[in-house]
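This report concerns only the one structure given below.
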Amino acid sequence: MDTSGTAHAPESGEPRLTTGALARRLGVSPTTLRSWDRRYGIGPAARTDGRHRRWTADDVAMLETMCRLTASGVPPAEAARAAKERPYLETRRPADAPGPEAGPPPSGDARQEGRGLARAAVRLDAGAVGERLDAAVTSYGVVAAWQEVMVPTLHAVGRRWASSGDRYVEVEHLLSWQVSTTLRRHTRQRPAAPPAAPEGAGPVVLACVPGEQHTLPLEALNAALSHLGVPTRMFGAAVPAEALVAAVRRLGPAAVVLWAQARSTASRPLAEYVAAMEWGVTGARRHPLTMLGGPGWSGRPAQGMLRPAGLADALDTLAAAYGAAPPGAPR
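Shown next as structure tokens:
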């Protein structure tokens, strides 16, 4: 198998998907696919006229692996490396082969940061935990700090708790609180130069579905969007359905992000109802861009709705919708 990340030339007559068709198949946006190509080299084997992307079966397998890894919490850069090295391993592995849950390890500096953070959390040293989290955000920015330091450390502590009975529950609670505090501290309440909303649309609405208490991923997205100047309204945990609908109706948002950590809370009827809402004058009616975040939506059809593969993916799509500077631009 070629491990260079470049797929073999397709056989003559092999069907190739356009970027739009592949995006619909994977449940992500075309912006996400272009961003992955640009950022991580997850691109098609061939292009027509040297420019237009055409995706082969090998490319699709690689992208499916990328989506599966990022959905399990693997940082996108690491997921891309794994997907390029073994495009079929994750999608066609034997039943007894290791799955993608563990993923490749984070990069050196971030791994060291995570280890120090975990040690401070185990000591219940709130001050040290807060200082390390602040240093990570200052050094790497919100997106990299979340993907390379916060998430791997939260997962490590969670695994330690799961394998130790009732031990380390207090460690996970303290770490989660400190992560939330750090993300809120690094959220800009009034962006200096917000971009013009498309056609006068309102801010991005961020909400957990009814019954869902896990807010940290939305808090990370909220903080990152604030650094891009994209206006948001964060509604937090377990938003009642009628309250969510009322907020969308009042704000007329350009986009709505619905988070569901568990399948038991992911309400497809609610998501479809929000996606179908419209406002504006006759002849110029608008719908919100509806984005379903979290593992609770996995395996469920999302016709007309987007399924971001991670924080960077969601940022790329939402920034493009607002015409904001792309993630990775100077803050």
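Residue numbers (the UniProt record's numbering): 1 to 331. We put the CB at the ideal spot given by N, CA and C, even for glycine.
In the DSSP assignment, find the beta strand (DSSP E) that holds residue i and state where it starts and stops.
i	result
Val257	Pro253 to Trp259
Pro203	Gly202 to Cys208
residue 332	One cannot answer for residue 332 here, as it falls past the ends of the chain, which runs 1 to 331.
State the start and end residues of the unbroken alpha helix (DSSP H) segment that holds residue i.
i	result
Leu270	Arg268 to Ala276
Ala135	Ala126 to Ala144
Glu148	Glu148 -> no alpha helix (DSSP H), and no H or E assigned at all.
Pro30	Pro30 to Tyr40
Glu170	Val169 to Arg185
Ala262	That residue, Ala262, is in no alpha helix (DSSP H); it is neither H nor E in DSSP.
Thr317	Leu311 to Tyr322
Determine the direct distance from the alpha carbon of residue j to that of residue i, and round the result to whole angstroms.
i	j	result
Leu33	Ala247	31 Å
Ala110	Pro217	19 Å
Val44	Gly229	In the sequence as presented, Val is not what sits at residue 44; that position holds Pro. In a straight line, the C-alpha of Pro44 is about 32 Å away from that of Gly229.
Ala314	Pro253	16 Å
Trp259	Gly293	5 Å
Thr265	Ser180	22 Å
Leu17	Tyr140	36 Å
Glu90	Cys208	Low confidence applies to Glu90: its pLDDT is 36, below 50, so where it sits in the model is not reliable enough to give any reading.
Thr56	Leu22	10 Å
Val205	Leu270	15 Å
Asp58	His155	31 Å
Ala243	Ala135	37 Å
Glu101	Glu170	Any reading at Glu101 must be qualified, since the residue scores a pLDDT of 31, below 50, and its modelled position is unreliable; the value itself is stated next. Between Glu101 and Glu170, the C-alpha separation is close to 24 Å.
Gly158	Thr31	33 Å
Thr182	Ser267	30 Å
Ala275	Leu225	21 Å
Met305	Thr153	30 Å
Thr215	Leu251	21 Å
Arg299	Met66	According to the sequence as given, residue 299 is Gly; it is not Arg. C-alpha separation (whole angstroms): 15 Å.
Ala319	Ala61	27 Å
Arg249	Asp316	25 Å
Thr232	Ala321	13 Å
Can you name the residues that DSSP bridges to residue i?
i	result
Thr232	Val204
Trp55	Leu17
Arg286	Trp279
Leu306	Met291
Using only CA atoms, which one of the options lies nearest to residue i?
i	options	result
Leu69	Ala79, Trp177, Ser139 and Pro210	Ala79
Arg25	Gln303, Thr181, Val122 and Asp316	Gln303
Met291	Ser180, Ser176, Glu272 and Thr215	Glu272
Arg263	Arg249, Ala255 and Gly296	Gly296
Ala120	Ala312, Ser176 and Ala82	Ser176
His186	Gln213, Val245, Ala156 and Glu131	Glu131
Val151	Gly41, Glu64 and Glu113	Glu113
residue 336	Arg123, Ser298 and Trp36	The structure shown does not extend to residue 336, since the chain is modelled only from 1 through 331, so no value can be given for it.
Arg184	Val149, Arg54, Ala220 and Ala255	Ala220
Glu212	Cys67, His227 and Ala241	Ala241
His173	Arg123, Gly202, Pro203 and Ala145	Arg123
Pro75	Asp316, Leu311 and Ala320	Leu311
Ala223	Ala82, Arg38, Val137 and Glu148	Val137
Ala145	Asp316, Leu117, Gly20 and Ala128	Leu117
Glu278	Ala320, Thr317, Val245 and Tyr322	Val245
Val142	Arg39, Arg188, Arg115 and Arg249	Arg188
Gly127	Gln178, Glu148, Ala82 and Gln147	Gln178
Ala77	Gly41, Arg53, Arg54 and Glu64	Gly41
Arg54	Ala82, Thr19 and Arg39	Thr19
Exercise. Between the region 230-240 and the region 286-302, do three or more beta carbon pairs fall short of 8 Å?
Worked result: Put simply, the region 230-240 does not touch the region 286-302. Fewer than three CB pairs are less than 8 Å apart.
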